[in-house]
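To keep things clear, I will list the structure first and then write my remarks on it.
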Amino acid sequence: MDLENQKLKCKKHNQNEILFVKTDSLTDEDDIFYCELCLFSQQNFTLNNFTSMKQLMNWNEGEIIYNFPPLEDNQILNQIMLLKQEGKLNKQTLKINEFFEQLKSEIFQRLNEIQKIMNHFVSKILEIDFKIIENYNHLSKLSEFKKIVTQTGINQEELVAQTKQFLNIIKQNKKSNTTKFKCLLEDYKILEQQIQLEKPEEIKEKLLKTLNKFSYLNKFEKTEQNLKSKYQDLLPQIQFSKYLFESAYSSSLQISQNYLNQFIFSSSLSNKWGSFYSNFIIENDKKYIFKLKAEQLGSQKDNFLVFGLVRDETKDKDYCTKDYLSCSLCYSNNKFSISPYVRGLSKIIRGNFDNLSSETEIEFRFCVNKNIFQITDLPDKNHRAVLDENSKQNLKAYKNLRFFIGMENQIQITLLEARMEKK
Ligand SMILES: [Zn+2]
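Quick note, our numbering runs 7 ahead of the 1-based positions in the sequence shown.
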């Protein structure tokens with residue numbers, strides 16, 4: 008469309024240049040293009056309903072022009088223009104980088120100084136440590152003592168006499184020896200108190216905990232992702248109940264939640280079993296995705312991570328696995344494989360689920376009505392296992408299912424994600 012030609016002239020006022028386009032509060036009878044004289048002939052004229060022709064013609068991508076598009080609140084466009092004019096966001100990026108670079112260098116400098124001071128103290132304490140041993144060797148005269156009692160070619164009486172003579176000298180030195188050792192020990196204690204070797208670890212913990220406060224950013228990022236995703240994050244609302252095979256070992260099984268709401272389960276005793284089942288009942292028409300990761304605690308072989316679904320009525324029986332809707336993974340030597348004791352999720356349809364690194368995340372995905380029930384390794388997705396034929400019947404028939412996580416021996420499990428399809 009040749010705007011120049013069409014708009015150069017107003018149809019009502021010949022030869023007049025078009026200055027504005029009416030873009031808001033339009034009625035069917037209204038003209039669209041207005042020259043200077045048209046504007047004067049308008050009743051109840053307000054510039055808010057018009058967009059400048061000049062601005063429109065000169066518009067380039069990234070620019071904002073007055074009054075367009077029409078919004079219910081004109082202040083909004085003004086605010087956007089102000090943000091743009093002040094270049095606020097660009098300035099913020101610079102400020103943020105400046106802030107973090109400075110913070111890093113200040114922290115680094117402080118830590119360097121502290122490290123130097125600590126090293127100095129430690130070398131002092133080592134000196135005293137050395138002095139104590141040196142003095143002990145010297146003052147105890149043990150080498151002399153040993154020489155006396157191990158000499159050959161003298162009779163018993165003579166040996167007794169020599170020993171008595173030696174011990175007499177030692178006795179004479181008792182007081183001065185005591186004072187000397189006491190002094191050294193005091194020096195040692197004073198330095199030890201100053202260094203407080205356990206203190207740096209304590210400060211480190213506190214420092215890292217403080218840095219965790221930046222996690223408000225992660226939370227926002229997560230919320231943003233969740234909004235976009237079709238899935239709802241279940242982590243903030245899940246609760247777990249503990250089921251123990253032997254209740255006496257309750258304290259060896261723990262559950263906690265980190266700042267990302269991820270659950271950490273750990274079992275610290277050998278040959279003890281425990282499970283945690285969710286407070287909610289699975290909705291059969293919804294898709295669910297759970298992501299898990301585990302690592303063995305200690306060097307013992309055969310540590311088990313078990314998870315899956317369990318009926319409400321069997322949740323306190325047979326380690327939660329009675330319904331044959333579960334997977335069992337065995338962790339040894341920082342690798343894991345699908346366990347020979349797996350109940351349900353035993354049909355491997357891709358890869359072999361053998362000797363995978365403990366770093367590998369496991370995705371457990373299911374939808375009861377759609378007969379989906381599978382696990383996959385993340386991020387590679389080289390291995391996949393699904394329900395065996397018999398267990399598929401269980402998935403169809405069973406009602407009131409709950410999600411559960413079980414463990415045996417020394418293992419720590421992290422429930423990284425738990426999501427449910429929104430619609
Ligand atoms: Zn006109």
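Every residue gets a Cβ at the ideal spot worked out from N, C-alpha and C, and that includes glycine.
Which of the three DSSP states, helix, strand or coil, is assigned to residue i?
i	result
Q22	coil
I356	strand
F287	coil
E208	helix
S339	strand
K298	strand
K293	coil
V349	coil
K279	coil
A168	helix
C327	helix
Q163	helix
K16	coil
I132	helix
E253	coil
S236	coil
L304	coil
K429	coil
L423	strand
K29	strand
State yes or no: is the C-beta of residue i within less than 8 Å of the C-beta of residue j?
i	j	result
L332	G358	no
K342	L363	yes
F410	F297	yes
S344	D361	yes
L299	I356	no
Y73	Q82	no
S274	L251	no
F27	M60	yes
I271	Y338	no
L242	Q269	yes
I202	M125	yes
S282	G69	no
P77	D37	no
N225	L198	no
Y195	I262	no
N378	K354	no
E415	N340	no
S346	E302	no
L402	V375	yes
N219	K187	no
L46	F40	no
K29	Q22	no
I139	L191	yes
S258	Y284	no
S277	Q244	no
K153	I177	no
What first and last residue would you give for the alpha helix (DSSP H) that runs through residue i?
i	result
I245	Where I245 is concerned, there is no enclosing alpha helix (DSSP H), given that its DSSP letter is neither H nor E.
N184	181-202
F152	149-157
Could you spell out where the beta strand (DSSP E) holding residue i opens and where it closes?
i	result
F47	F47 -> not in any beta strand (DSSP E); alpha helix (DSSP H) instead, spanning 43-48.
L260	260-264
S273	270-274
N310	310-318
Distance cutoff 8 Å, beta carbons only. Does residue i sit that close to anything in chain C?
i	result
D136	Looking at the structure shown, chain C is missing, and only one protein chain is on hand.
Uninterrupted alpha helix (DSSP H) stretches inside the stretch 50-127 (no shorter than 4 residues):
As summarised for the stretch 50-127, the continuous alpha helix (DSSP H) elements at least 4 residues long and confined to that stretch are 60-65, 81-93, given in chain order.
Mind listing, in chain order, the continuous beta strand (DSSP E) runs of no fewer than 3 residues lying wholly within the stretch 352-421?
List check, beta strand (DSSP E) in window: 354-357, 368-374, 379-385, 391-393, 408-415.
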